[in-house]
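Peer 1: Per the working numbering, the sequence shown starts with residue 31, numbered consecutively. Glycine included, C-beta positions come from ideal geometry on N, C-alpha and C. For clarity, every value in this text was computed on a predicted model and none was experimentally measured. Questions regarding the structure given below will be posed in turn.
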Amino acid sequence: NAVSYDGDALWMHVVAGITGVDDRRGRVVPDLLLALVLVPVYGLVGVTVAGRLDLVSAAFGLSVALLGAGLGVSSVMNVLLPYPVPEPGGSPFSPPPGAAGIAIVAQSAASAGTLALSLPVILLARVAWSGSAWASWSVALLGVVIGASAAGLGTRVGARILDRRAPELLT
Numbered sequence: 031n032a033v034s035y036d037g038d039a040l041w042m043h044v045v046a047g048i049t050g051v052d053d054r055r056g057r058v059v060p061d062l063l064l065a066l067v068l069v070p071v072y073g074l075v076g077v078t079v080a081g082r083l084d085l086v087s088a089a090f091g092l093s094v095a096l097l098g099a100g101l102g103v104s105s106v107m108n109v110l111l112p113y114p115v116p117e118p119g120g121s122p123f124s125p126p127p128g129a130a131g132i133a134i135v136a137q138s139a140a141s142a143g144t145l146a147l148s149l150p151v152i153l154l155a156r157v158a159w160s161g162s163a164w165a166s167w168s169v170a171l172l173g174v175v176i177g178a179s180a181a182g183l184g185t186r187v188g189a190r191i192l193d194r195r196a197p198e199l200l201t
């Protein structure tokens, strides 16, 4: 729900003529930079703790698929279905009246979309978990393809929606 929390920043983007593509990419790049470090580290820690170093490639592919799908879906959802948030300076634990329902719908839809886009990778990761070496490497490849495609497509679609709805989002 980044757009709802932007306040003056969204107004400045619209007035300055920042395109939706630049806005969406500007929101995705910091997440990707952080993920460049965290995804490999957490994936390696996870398979080490589980005692399944044979799943390093599967853990990487699944993580990339979920990350890319989540970024793509959130790039669309926060301009398609923003929900009310507390005023600047207000308590984050006291949302405006009526915000809970739309927040639950928006967050559930985003979670379902992320899961749906990642489902082929999740199912293949289950095959890899059962000990299939070919599936583990296939998860890595498919995860990168699906993650990158979902993030790229979601960013472009979200950018088009933002360009079209910018005045409405300001209100």
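#1: Mark Thr-185 as exposed unless 16 or more other C-beta atoms lie within 10 angstroms of its C-beta, in which case mark it buried.
#2: Go ahead and label Leu-96 buried or exposed: buried means 16 or more other beta carbons lie within 10 angstroms of its beta carbon, across all protein chains shown.
#3: Using DSSP with H/G/I as helix, E/B as strand and the rest coil, what is Glu-117?
#4: Mind checking which residues open and close the alpha helix (DSSP H) that includes Pro-150?
#5: Alpha carbon to alpha carbon, what distance is there between Pro-116 and Ser-124?
#6: If Ile-191 sits next to Val-106, beta carbons under 8 Å apart, how far is it from one beta carbon to the other, in whole angstroms?
#7: Counting only runs that start and end within the stretch 52 to 130, where is the alpha helix (DSSP H) found for 4 or more residues in a row?
#8: For a quick check, are the C-beta atoms of Ala-89 and Gly-98 less than 9 Å apart?
#9: On the three-state DSSP scale, how would you describe Thr-185?
#10: In whole angstroms, give me the CA-to-CA distance for Leu-110 and Ser-162.
Peer 2: Inspection of the coordinates gives the following:
#1: buried
#2: It is buried - the Cβ of Leu-96 has at least 16 other Cβ atoms within 10 Å.
#3: coil
#4: From DSSP, the alpha helix (DSSP H) with Pro-150 extends over 129 to 159.
#5: 7 Å
#6: The C-beta separation of Ile-191 from Val-106 comes to about 7 Å, placing the pair in contact by the 8 Å criterion.
#7: 86 to 110
#8: Not closer than 9 Å, so no.
#9: Under the three-state reduction of DSSP, Thr-185 is assigned to helix.
#10: 40 Å
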